[in-house]
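Colleague:
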Amino acid sequence: MVAVSTIPQVKPQPVLLQYFDTPMSVMMTTTNQNTTSKLFSVALANSPPSLRHLLPILAFMKLCAACELGQWAPPGHDDFRGPCPMMNTLANHGYIPRDGRNITKHNAIIGLGTGLNFDADLASLMWDQAIVANPEPNATFFTLQVFNQTIFDRTKTWWTDESLSPLMLANSKLARQLESRRDNPEYKFTASTEEFSLGELAAPVIAFGNLCNGEVSRALVTYFFENERLPVELGWRQRNTTITLTDITNTVALIRNATNLLSPGDASPSTARNVQDGLQNRFHL
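In structure tokens form, the structure reads like this:
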């Protein structure tokens, strides 16, 4: 796996920090926003009254410096991450709330547009599909949960080349679905779930891959999933052209077609007459 470089820390300013106790020093070096907020309260209580008016300014400077939009930072102890790797990544880059909680349609659309150059209609569709996976009834937000590395490792066994084809992506989808039906007594896979599943596979392709043939670099996808990070270090750059609904529709179609287990040229749907003729030929009826 590609090594993840250390995120640079904000250096404390000794001229300012000499007036404050340890909590302020800690606040100026942590990269977690929730921790910063808690420590700010402690620092306020321990700072000289004559300098307390500087604390909000220093805290704001800290948050701007350490959590610049687009800069990657790992999730903090109290942050949520989970089954939607695209949202995990956007949260780690600050394109949506970094704590991963209560993500709304509005900030998801802005985040997908800013971080990946998805147009508003595509981002809106991805939001609607993500809501399908939200256990909260009638939800208008979702909260990221926990990524399952074991399941992802099994998925990767179906990715047998440096360039992932729609067929490889489809194979990994079908295998995961069969495992779930075998292992989960409450297995439920609806038409809506199918569309979400296909969209989930298509998302890395439209973000990192070839929109014509549906192929994408295995290294980019693996890095993206395992590090919850845009693969800039591997050479990826955001597309210059906006990604549209047409792009994901075409990519989903490529993967959907690849899930068909019939051999090419034999993919016509069966009819009652076909079944009858087949039985007669097989058993010489």
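Heads up, the sequence shown is in the numbering used here, so the first residue is 1 and it goes up one at a time. A virtual CB, placed ideally from N, CA and C, is assigned to each residue, including glycine. Everything numeric in this text was worked out from a predicted model, so none of it was measured.
1) Would you tell me roughly how many angstroms separate the C-alpha atoms of arginine 81 and valine 216, rounded to the nearest one?
2) Which class does serine 165 belong to by DSSP, given the choice of helix, strand or coil?
3) DSSP on threonine 242, reduced to helix/strand/coil?
4) Suppose the cutoff is 6 Å on Cβ atoms and the five residues either side in sequence are ignored; what does the same chain contact list for alanine 258 look like?
5) Do you know offhand how far alanine 91's Cα is from asparagine 102's?
6) Short of 7 Å in beta carbon distance, which residues of its chain neighbour arginine 256, apart from the five on each side in sequence? Order them along the chain.
7) What residue from Lys188, Leu178, Met126, Ala73 has the CA that sits closest to leucine 201's CA?
8) Given a cut-off of 7 Å on the beta-carbon distance, is the pair glycine 111 and tyrosine 95 in contact?
9) Can you confirm whether the stretch 148-163 touches the stretch 172-182 when touching is taken to mean that 3 or more C-beta pairs between the two stretches lie within less than 8 Å?
10) Hey, which unbroken runs of the alpha helix (DSSP H) at 4 residues or more fall wholly within the stretch 76-124?
11) Among Asn107, Leu116, Asp121, Glu162, whose alpha-carbon lies nearest the alpha-carbon of isoleucine 206?
12) With DSSP as the reference, label alanine 258 as helix, strand or coil.
13) Near phenylalanine 189, what residues of its chain come up, given a Cβ to Cβ distance below 7 Å and the 5 sequence neighbours on each side ignored?
14) Between the Cα of cysteine 212 and those of Asp128, Thr150, Thr249, spot the shortest distance and give me the residue it belongs to.
15) Since threonine 89 and phenylalanine 196 should fall inside the 8 Å C-beta cutoff, what is the C-beta to C-beta distance between them, to a whole number of angstroms?
Modeller: According to the data block:
1) 24 Å
2) coil
3) coil
4) Pro166, Leu167, Ala170
5) 12 Å
6) Leu198
7) Met126
8) yes
9) yes
10) 85-92, 105-116
11) Leu116
12) helix
13) Gln177
14) Thr249
15) Threonine 89 to phenylalanine 196, Cβ: 18 Å. No contact.
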